[in-house]
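K.L.:
Here the sequence shown stands for residues 5 to 999, where the numbers follow my numbering.
Note that the Cβ used here is the ideal one computed from N, Cα and C, for glycine as well.
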Amino acid sequence: MQNKGAIRLFAILLALVSLYQLFFTYKTRSVEADAKAIAGGDPKIEFAYLDSIKNETVYSFFWFRDYTYQECKEREINFGLDLKGGMNLILEVKVSDVVLALSNYNTDETFRAALKKAEEMEKTSSEDYITLFGQAYQDLDGNAQLATIFNTIELKEKVSYNSSNEEVLKVIRTEAQSAIDNAFNILRTRIDRFGVTQPNVQKLEKAGRVLVELPGVTEPQRVRKLLQGTASLEFWETYENGELFQYLFQADSKVRELEEAKKPVKEEAVETASETTEADSDLSLLGQLDNDSTSIDSLATDTKSLFSYLQPNYGQQGPFPGPVVGLSLARDTAEVNSYLQNSVVRSLFPKDVKFFWTVKPVDQEYMKSRFPEANEKESAFQLVAIKVSTHDGRPPLEGDVITSARSQTNQRGQFEVSMSMNAEGAKTWARLTGANIDRSIAIVLDGYVYSFPTVNTKIDGGSSQITGNFTPSEAEDLANILKSGKLPAPARIVEDTVVGPSLGQEAVNSGFSSFIWAFIIVLVYMLLYYGYRAGWVADFALISNMFFILGVLASFGAVLTLPGIAGIVLTIGMSVDANVLIYERIKEEMRSGKGVQLAIKDGYNNAFSAIIDANVTTFLTGIILFVFGTGPIKGFATTLMIGIATSFFSAIFITRLIFEKMLDKKKTLIFDTSITRNLFANMHIKFLEKKNIFFIISGILILASVGSLATRGLKQGIDFTGGRTFVVRFDEQVSSVDIQKSLTAVFDESNVEVKQFGNEGNQVRIATNFMVDNNDDNTDNLVETKLYEGLTSFLGSDVDQETFLTDYRMSSQKVGPTIASDIKRNASLAIIFSLLVIFLYILARFSNWQFGLGALVALVHDVLIVLGIFSLTYSFMPFSLEIDQAFIAAILTVIGYSINDTVVVFDRIREYFKLHPKRDKVEVTDAALNSTVSRTVNTSLTTFIVLLIIFLFGGEVIRGFVFALMIGVVVGTYSSLFIATPIADFFLKDKNQKK
């Protein structure tokens, strides 16, 4: 083997990188185990402890670098929500709602009809909504002008009455994208405040959609309410720091007094505090702070106070100017909030004062000067004092008055934000700025201060500039926030999944138990079939493969889900294929009389082509899954692709390095045992002669499948239809029929399906389309209340609704009709595209359309039979056989596996045609097929055993998914031998006859 040194170096580096990456996971698990022990089972204490140490060093990589817990957490293998519990949401800011808002809610009939028509067109089109809206508007009235609709006060500088429809659409597209970008920023900022570890927020391909993953969330209703609310942009007057300083000092004393009162009184040492006269308190506050005996540092006694967490904003000359009253480290802001919200402490301040934190932390240099003891990874925020100057407590000015905003640079080269207001806003802004010259106006979004510029002069006309130490991105973000004002449309939840922590833990246990059992059985099988030394080498390659997969997953920051674990376990079975191909070829070379060294060399060389083709076709399937799938399906595709790449490297290169090392040491190498030595060696099955029998068998199966699909159809899951599902666990065994009757009555005769979930008899899966089209904020609460009412008689009178939702409802999922339509379209495209790509690959690889056609017919054959079995059996199987995203992933995996088998068979036929060009083609084809039986049986058997173990031990959630794969392995193996080859042979004969 050439380049052995380079391959050995790469293997060592890959192993070291994998070890380095996996060590982060080890350290976080170790720290979290300590946190659990300290918390004693209390999740709040556990979270508080982990939050307190997130910036502390927990891992030192030799002398190169220290890593904090937070940094380790960001680099660990991240579990999906189905493994650790939490909440998964897809939110959508509908572009149609944004367009409607940009028109100032114009009531023109053609305009409104075009909005609705574009929404219908969007369901079946790949064009963006703005383009479809323009087409719909033109179709409804060819002479209508969009300028008459969008020449509003807000857009008057960009849209005139003479603007063409194309020009208006361009403006709408820009404004809508700006509003959607701002919505994403606002959602991301809101999510950061939930305090969850490793939240995941990302934009999806479709405009306006955002994926949100919140592991460990226990208050889904609070999350839904906060994320779906429109953003509130407000302009407030502020207090000066000096005006509130004395109140802040009194609050500090009061907090200390309250904390002292909480302490237990010791009977043996009770001291009476001396009374403080009013005259004693007449000392200036600044004098008290400057005095060494009463400085802030000296206040750090055993008793906590406000100043233990909030550093007052003062210096040698007194309180600093401006509205900032104090500074706190991020970890202390919650304590400050709790003190300031205390009714006794709150009564010490003026009634018209409110406190808001800045959204942006202070720079690191300033933070270190104020908090020398702070870790450099920490951040600090400013507390700003707001003055409520209106009778109703509302801000004097809100964001809906802003017509435009943009970032720019001033004469000094600094970034600033320029904004303009409408006539009404300009009047209020002039009054507000005129009354606050040399004071600050705070710009507040969602209760956080984004900026508090100082007013230099009264501003007339509504145009003004906001200056500050802005970076280009900060100026752009602030401009987007100002430009959007109040969000023109709420972020609606179109998909909502909640997984309870206990169900997540059960998924972890079942997933890993299936992984371990499958792994052990495959290792033992390879030893028994190929003997001690060769089996050990194959096992070492499998172990290396698993190690590399986990290391690469950690390096990429990939999320490991339950389907992802299934992908890894499936990779175990499929990675055996490369070893089997190599070993079977080596055995053939040795039977032909070659020595071990030459047999190994030729075996690897001859198997390489088939291994490449098999891996590429399966990898292409993984790519298609990744492109068209979402959530857990992407996780499955990711692990599948990584597994294919690492198994190829392990099987081809690592095993050969080991064999060559053994040969150098004169080790005896045997690739079989006494039992398996001549197994499948002298087979003479006439495959093509019996093709009509197999065509009849396949014809009957396909007719039954098509007939069932035409009459019974498929049981579509909520991924494709829209709806809600709940998994509910009871204390005792229950009847799914009785539960369905009860819930049907409660859900106003809506479609309700109840099936047993798991093998214990005390869990059910409930699916319903009740109120799935309703997007009101209170709909989710109403559905959960109805669910509780329908199950009350099965729960017991002592279980209230809150207990039911936290302890008995194990998971829930909601998929809106819009996203269901998109999922269905993507699924259809994924299957069609994968068939096309594989056909083209076979055509290019074999330079022969007959082989490509045979492979395509076999794939269609396999897909139809799998669909038919699901259609025939979904009503009586004890587990769910719904058609959902996971099923589509299974179908595509079946396609990949089937083509894997077919490619290996075709590769051997092509090889035999070259070796025996003058022999009868039928005879040669049969000989080629017989030579692949050993490999086919070994690979199919190991893969099927692996899948069977997942089916038995992998948990209820993926049982239908694995069932589809099991059928696919059997059908795919059958079609490779008995369908694909005869079809290709038939057209090859026709081609030869024409010649």
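Leaving out five residues before and five after leucine 303 in sequence, what residues of the same chain have Cβ atoms less than 7 Å from its Cβ?
P.N.:
Below a pLDDT of 50, predicted positions are generally treated as unreliable, and leucine 303, at 41, falls in that range; no measurement from the model is reported.
K.L.:
Answer with buried or exposed for glutamate 60, where buried requires no fewer than 16 other C-beta atoms within 10 angstroms of its C-beta.
P.N.:
It is exposed - the Cβ of glutamate 60 has fewer than 16 other Cβ atoms within 10 Å.
K.L.:
Give the single residue among Lys818, Thr929, Leu692 whose Cα lies nearest to the Cα of methionine 775.
P.N.:
Among Lys818, Thr929, Leu692, the Cα nearest to that of methionine 775 is on Lys818.
K.L.:
Please list the terminal residues of the continuous alpha helix (DSSP H) segment that includes glycine 555.
P.N.:
Where glycine 555 is concerned, the enclosing alpha helix (DSSP H) stretches over 536 to 560.
K.L.:
Cutting at 8 Å between CB atoms, please list the residues of its own chain near aspartate 284, excluding the five before and the five after it.
P.N.:
Low confidence applies to aspartate 284: its pLDDT is 39, below 50, so where it sits in the model is not reliable, and the reading given next is rough at best. Correct list: empty, nothing qualifies.
K.L.:
Taking the beta carbon of leucine 26 as the centre, do at least 16 other beta carbons fall within 10 Å, making it buried, or is it exposed?
P.N.:
Buried, because 16 or more other Cβ atoms sit within 10 Å of the Cβ of leucine 26.
K.L.:
Cα separation between leucine 527 and threonine 135?
P.N.:
Cα-Cα distance, rounded: 56 Å.
K.L.:
Assuming alanine 603 and isoleucine 616 form a contact by the criterion Cβ under 8 Å, report the distance between their Cβ atoms to the nearest whole angstrom.
P.N.:
Wrong, their Cβ atoms sit about 21 Å apart, outside the cutoff.
K.L.:
Going by C-alpha distance, which of Ile470, Lys694, Pro323 is nearest serine 411?
P.N.:
Looking at the Cα atoms, Ile470 is the closest of the given residues.
K.L.:
Beta-carbon separation of leucine 860 and leucine 839 under 8 Å?
P.N.:
Against a cut-off of 8 Å, the Cβ pair of leucine 839 and leucine 860 comes out as a contact.
K.L.:
For aspartate 742, I'd like the list of residues in its chain whose CB is within less than 8 Å of its CB, leaving aside the five on either flank, ordered along the chain.
P.N.:
Same-chain partners within the cutoff: Phe798.
K.L.:
Do valine 909 and leucine 863 have their C-beta atoms closer together than 8 Å?
P.N.:
No.
K.L.:
Threshold first: 4 residues or longer. Then list the alpha helix (DSSP H) segments lying entirely within the stretch 673 to 754, N to C.
P.N.:
Qualifying alpha helix (DSSP H) stretches, in chain order: 695 to 715, 722 to 725, 740 to 750.
K.L.:
Just the C-alpha distance for arginine 177 and threonine 565, rounded to the nearest angstrom, thanks.
P.N.:
Cα to Cα, the separation comes out at about 37 Å.
K.L.:
Over what stretch of residues does the alpha helix (DSSP H) that includes arginine 912 continue unbroken?
P.N.:
Where arginine 912 is concerned, the enclosing alpha helix (DSSP H) stretches over 889 to 919.
K.L.:
Assuming contact is defined by CB atoms lying nearer than 8 Å, are proline 325 and asparagine 245 in contact in what I supplied?
P.N.:
Yes, Cβ-Cβ distance for proline 325 and asparagine 245 is below 8 Å.
K.L.:
DSSP state of valine 973, grouped into three classes?
P.N.:
Note: valine 973 maps to helix in three-state DSSP.
K.L.:
Tell me which residues share the same chain as glutamate 480 and place their Cβ nearer than 6 Å to its Cβ, disregarding the 5 neighbours each side in the sequence.
P.N.:
Cβ neighbours of glutamate 480 beyond the five flanking positions: Ser411.
K.L.:
Taking the straight line between their C-alpha atoms, what separation do you get for arginine 813 and valine 732?
P.N.:
Spanning the two alpha carbons is a distance of roughly 5 Å.
K.L.:
Could you tell me the distance, in whole angstroms, from the CA atom of phenylalanine 808 to the CA atom of tyrosine 313?
P.N.:
Taking the straight line joining both Cα atoms gives about 38 Å.
K.L.:
Which term fits lysine 58, buried or exposed, when burial requires 16 or more other beta carbons within 10 angstroms of its beta carbon?
P.N.:
The residue is buried, with at least 16 neighbouring Cβ atoms inside 10 Å.
K.L.:
Determine whether the beta carbon atoms of glycine 555 and glycine 639 lie at a separation below 8 Å.
P.N.:
Contact: no.
K.L.:
Buried or exposed: where does glutamine 601 fall if 16 or more other Cβ atoms within 10 Å of its Cβ makes it buried?
P.N.:
Classification of glutamine 601: exposed, given that the 10 Å Cβ count is below 16.
K.L.:
Can you check the stretch 67 to 111 for any alpha helix (DSSP H) of at least 4 residues that lies completely inside it and give the ranges in chain order?
P.N.:
Runs of the alpha helix (DSSP H) inside the stretch 67 to 111: 73 to 79, 85 to 88, 99 to 106.
K.L.:
Distance check for serine 678 and arginine 939, CA to CA, integer angstroms please.
P.N.:
Each residue's alpha carbon lies about 18 Å from the other.
K.L.:
Take phenylalanine 730 as the anchor and find which of Gln737, Gln744, Leu718, Gly717 has the nearest alpha-carbon.
P.N.:
For the residues Gln737, Gln744, Leu718, Gly717, the minimum Cα distance to phenylalanine 730 belongs to Gln744.
K.L.:
When burial is assigned at 16 or more other CB atoms within 10 Å of the CB, is asparagine 904 buried or exposed?
P.N.:
So asparagine 904 counts as buried.
K.L.:
For the stretch 845 to 852 against the stretch 781 to 800, are there 3 or more C-beta pairs whose distance is under 8 Å?
P.N.:
No, they do not touch.
K.L.:
Output yes or no for whether 8 Å exceeds the beta carbon distance between glycine 403 and leucine 237.
P.N.:
Against a cut-off of 8 Å, the Cβ pair of leucine 237 and glycine 403 comes out as a contact.
K.L.:
Whose C-beta lies closer than 7 Å to the C-beta of threonine 936 among residues of the same chain, with five residues either side of it excluded?
P.N.:
Hits under 7 Å: Val908, Val909, Arg912.
K.L.:
Quick test of the definition: if touching needs 3 or more C-beta pairs under 8 Å, does the stretch 680 to 691 touch the stretch 826 to 838?
P.N.:
No contact exists between the stretch 680 to 691 and the stretch 826 to 838.
K.L.:
Cutting at 6 Å between CB atoms, please list the residues of its own chain near alanine 894, excluding the five before and the five after it.
P.N.:
Same-chain partners within the cutoff: Phe965, Ala968, Leu969.
K.L.:
If we count the other Cβ atoms within 10 Å of its Cβ and call it buried at 16 or more, is proline 354 buried or exposed?
P.N.:
So proline 354 counts as exposed.
K.L.:
Hey, quick one: how far does the alpha helix (DSSP H) through glutamate 126 stretch, first residue to last?
P.N.:
Looking at the DSSP string, the run of the alpha helix (DSSP H) that includes glutamate 126 is 113 to 126.
K.L.:
Residues bridged to isoleucine 447 by DSSP?
P.N.:
Answer is Phe239, Ser455, bridged to isoleucine 447.
K.L.:
When you compare only the Cα positions, how much space is there between asparagine 108 and lysine 210?
P.N.:
Answer to the nearest angstrom: the Cα atoms are 25 Å apart.
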